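Okay, so the sequence shown: first residue is 1 according to full-length UniProt numbering, each after it adds one.
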Amino acid sequence: MEGGLPGSHDGLASLADSRAAEQAASSGAIATSPSTSGLRGNAGSVPRSAIASIYRPVTPPPLKHNYGWSKFEPVRLKLIKRSEARYFLNFFIRQMHSFAPHCSPHLLDKSPEALSELVCREPILLGAMLSVASRYDVANHNAHVTAVDTFHRKISKWTQEKISRSFFLPASHTIGTIEALLILSEWATLDLHDRRTSPDASSDSEDSEEDIDDGDGRDSEADEEADGASTTIPAIARARGADSRLDHEGLLPQRGRSKRSGAKPSQKPRQADMRESEKFDDTAWMLTGTALRLAERLDLHNDATYSGISSRNVASRRNAERRMRVWMSSVHADCHLSVRLGRRISSPGLAAPFMNLVRDRTHPFLLNADISNSSEVGFPSGSNRAWIAFRAHAELLQIVFRTCENLYRSKAVTERLLEDEDFVPALKSIRDDLDNWANWTQPRIEPTRDMTSLRVRVEYHYARLYANGIALDSVKRSLRTLRNHRQYRASEAAEIGSKGRLGRAGANATASASASYTVSFSTHPAYPFVREALAAAQSLIRILTVELESMMCAPARWFLLLVMATVFCVKATAVSDVILPLKRCAQSLQQVITALERAAPDGVHLANRYSMYLRQLAKQLVRYASH
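Okay, here's the thing in structure tokens:
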């Protein structure tokens with residue numbers, strides 16, 4: 001085995017030592033041996049290797065017949081045309097899959113066998129891919145808006161109805177259904193946030209922006225207090241998630257600004273936007289939760305069902321690897337969405353046997369290289385390349401889990417850590433984990449613009465930002481205390497000077513207070529971690545706006561990561577220009593706004609709403625700089 005990360009082992013203990021599975025799951029439905037109860041009752045007398053072999057998931061046999069597009073129900077019912085379906089499937093494979101490769105690559109190789117398996121065994125997965133592809137195919141939206149909207153709404157309605165019925169149809173409990181749920185949680189279909197059909201629809205005009213801007217009438221003291229509240233998501237500006245619910249008014253101190261009098265402007269546009277964003281979040285939350293439960297129903301978390309990983313049979317190995325991939329994708333989706341929304345993580349994480357198997361290089365991994373338009377450079381070829389990427393994501397996911405457990409398990413835990421400044425040892429430990437990860441990964445993954453490399457780097461910088469973001473809150477609290485102390489000493493010195501006593505001493509006291517403020521800031525124990533978080537945020541902005549060719553087809557989470565990184569930069573500037581100069585912050589902010597506006601496939605996409613809120617931050621930066 002190659003050099004391992006902390007906690008890795010030289011090999012995986014025999015799968016015979018794994019616990020016996022209660023059920024054996026195939027990639028289609030669950031197959032259970034009739035002798036299950038007998039073997040469980042006599043587990044002490046039956047070798048575990050025999051139990052593992054009996055409970056091994058059944059690999060679906062090859063289909064005896066080919067199933068073309070004419071057998072796909074929406075085509076057969078004439079809801080959509082065969083040529084349209086073929087086009088949008090190819091669009092999904094070329095433009096979207098590489099952003100979030102939930103679908104098993106062997107189903108996307110454009111072969112008759114792959115199409116047959118999708119049509120016959122995974123129609124819900126096929127419907128989900130066609131649904132999101134028709135939503136994001138901008139070229140066709142521009143040329144044939146009515147036709148594409150019709151296709152999109154028909155296939156989306158059919159897919160949603162199939163998913164609803166799947167709760168009551170065990171035959172629909174397949175790995176492909178899990179992949180479909182994960183895909184729909186990443187990319188919003190048009191009906192989720194199409195304001196054109198909403199009575200409370202808001203406009204993207206400048207009038208709406210000005211209404212929001214005019215409503216920003218809090219004084220600086222209230223702003224600072226609002227911004228100083230504890231949160232389980234420290235890298236986001238006092239929000240329950242890095243989405244359009246950003247409470248951006250409190251990010252910058254409004255110097256010399258008083259509360260405005262008069263009638264409060266209408267907040268209807270903003271409230272409508274927030275409702276649409278909440279609708280997407282709630283839908284994604286339900287979809288990922290269902291995917292996780294279905295994955296557990298299919299026993300994907302059971303390491304005994306990965307026994308085919310060592311099989312000489314290609315189909316068995318592919319089935320085992322698909323189970324591993326989809327289980328990790330389900331855990332990843334639940335973890336990151338829970339973190340962003342500040343909710344409890346439902347998944348149990350990746351167990352030790354899973355991680356041991358991922359770290360074991362004796363198994364001939366067949367995980368295909370991710371499909372992408374760009375040339376595949378920067379990675380070793382073949383199974384080694386797939387193993388490196390898969391392990392890198394798994395290790396980062398474990399670090400995010402540990403970060404959440406140690407720092408953000410609850411608001412009370414985070415608040416206590418901030419008050420007592422007990423988070424520094426935890427941050428040092430997490431930093432060591434991230435450094436070890438980087439030392440193992442960087443020699444194997446070159447920082448190229450290949451999508452696989454970009455995904456790994458995005459996840460790495462997100463983990464850095466998520467972990468170290470708490471340090472900025474700590475520094476801000478300390479600076480607020482020092483600032484209040486400095487103001488008290490300055491006023492005391494002024495009072496002494498006004499009475500004609502110790503005038504020189506009063507001036508010295510003021511200078512001393514200012515000097516102690518600067519020294520304390522640079523020597524604060526959390527300051528190095530603030531710099532670490534800022535570097536991670538700037539790296540995310542650079543990757544997503546410069547290195548990535550286009551975010552047009554990116555899933556919602558990538559836009560949210562971009563907004564989260566940008567808001568952290570603004571918060572850092574609001575705390576002190578020493579952390580991030582105002583000019584550099586303004587440049588990054590404008591860069592992100594431009595990227596979001598270019599990436600939105602249409603006027604109702606969430607990227608447009610995020611850019612609108614960031615434009616409000618830009619206006620505040622201008623006002624902040626003018627004082």
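Beta carbons: idealized from backbone N, C-alpha and C, even for Gly. Since the structure is predicted, the reported quantities are computational estimates derived from the model, not experimental observations.
Checklist entry - Would DSSP call GLY506 helix, strand or coil? => result Low local confidence applies: a pLDDT of 47 at GLY506 is under 50, so the model's placement there is unreliable, with the coordinate-based value given in what follows. Looking at GLY506 - three-state DSSP - the assignment turns out to be helix.
Next on the checklist: With three or more C-beta pairs closer than 8 Å as the rule, is the region 113-130 touching the region 158-168?
Outcome noted: yes
Item to check | Three-way DSSP call (helix, strand, coil) for HIS332 in this model | outcome: helix
Item to check | Distance between beta carbons of THR59 and GLY308, contact taken as under 8 Å | outcome: 7 Å
Checklist entry - Are the beta-carbon atoms belonging to GLU73 and PRO123 less than 9 Å from one another? => result yes
Item to check | Alpha carbon of GLU113 to alpha carbon of GLU549, nearest angstrom | outcome: 32 Å
Checklist entry - From GLN538 to ASP303, what does the alpha carbon distance come to, in whole angstroms? => result 38 Å
Next on the checklist: Here's a check: name, in chain order, each residue in its chain whose Cβ is nearer than 6 Å to the Cβ of VAL119, leaving out the five neighbours to either side.
Outcome noted: TYR67, LYS71, PHE72
Next on the checklist: Beta-carbon within less than 8 Å of LEU418's beta-carbon, same chain only, minus the 5 sequence neighbours each way: which residues are those?
Outcome noted: SER230, ILE470, ASP473, SER474, ARG477
Checklist entry - Which residues mark the beginning and the end of the alpha helix (DSSP H) in which TYR527 is found? => result 527-542
Next on the checklist: If I measure Cβ to Cβ from GLU597 and keep anything under 6 Å in the same chain, skipping five residues before and after, which residues do I get?
Outcome noted: SER611
Item to check | Backbone CA spacing between TRP558 and ALA352 [nearest angstrom] | outcome: 29 Å
Next on the checklist: For the pair the region 171-190 and the region 310-326, tell me if three or more CB-CB distances fall below 8 Å.
Outcome noted: yes
Checklist entry - Taking Cβ positions, are LEU562 and ALA595 nearer each other than 9 Å? => result yes
Checklist entry - Would you report the Cα separation of ALA600 and LEU79, rounded to the nearest angstrom? => result 28 Å
Checklist entry - When we look at the beta-carbon of GLU405 and count the other beta-carbons within 10 Å, is it buried (16 or more) or exposed? => result exposed
Item to check | Alpha-carbon spacing of PRO422 relative to TYR462, whole angstroms | outcome: A small correction: the amino acid at residue 422 is Asp; Pro does not occupy that position in the sequence shown. Going by the C-alpha atoms only, they are around 22 Å apart.
Checklist entry - With distances taken from CA atoms, which of PRO101, ASN384, SER111, ASP450 is nearest TRP327? => result PRO101
Checklist entry - Is it buried or exposed for HIS65, if we count other Cβ within 10 angstroms and need 16 for buried? => result exposed
Next on the checklist: Using 9 Å as the threshold, is the C-beta distance between GLN398 and LEU350 below it?
Outcome noted: yes
Checklist entry - Would the beta-carbon of SER330 fall within 9 Å of that of LEU300? => result yes
Checklist entry - Is it true that the CB of LEU560 sits closer than 9 Å to the CB of ALA572? => result no
Checklist entry - Assuming PRO555 contacts GLU179 under a Cβ cut-off of 8 Å, what Cβ separation, rounded to an integer in Å, is found between them? => result About 14 Å separates the two Cβ atoms, so there is no contact after all.
Item to check | Beta-carbon proximity of LEU184 to ASP281, cut-off 9 Å | outcome: no
Item to check | Helix, strand or coil at ASP610 [DSSP, three-state] | outcome: Reading off the sequence shown, one finds Tyr at residue 610, where the question assumed Asp. Helix, per DSSP.
Next on the checklist: With H, G and I counted as helix, E and B as strand and the rest as coil, what does DSSP make of TRP187?
Outcome noted: coil
Checklist entry - Apart from the five residues just before and just after THR290, which ones in its own chain have a Cβ nearer than 7 Å to its Cβ? => result LEU181
Checklist entry - Hey, out of VAL358, CYS553, LEU294, whose CA is closest to ALA171's CA? => result LEU294
Item to check | Cβ-Cβ distance between LEU190 and VAL604 below 9 Å | outcome: yes
Checklist entry - Exposed or buried, which one is THR523 when buried takes at least 16 other CB atoms within 10 Å? => result exposed
Checklist entry - In this structure, does DSSP put MET551 in helix, strand or coil? => result coil
Next on the checklist: Assuming contact is defined by CB atoms lying nearer than 9 Å, are LEU465 and VAL575 in contact in what I supplied?
Outcome noted: no
Checklist entry - Taking Cβ positions, are MET552 and TYR136 nearer each other than 9 Å? => result yes
Checklist entry - In this structure, does DSSP put VAL132 in helix, strand or coil? => result helix
Checklist entry - How would you write the range of the alpha helix (DSSP H) that LYS571 sits in, first residue to last? => result 556-575
Next on the checklist: Using a Cβ-Cβ cutoff of less than 6 Å, which residues in the same chain neighbour THR288 once the five nearest sequence positions on both sides are dropped?
Outcome noted: SER185, ALA333, ASP334, LEU337
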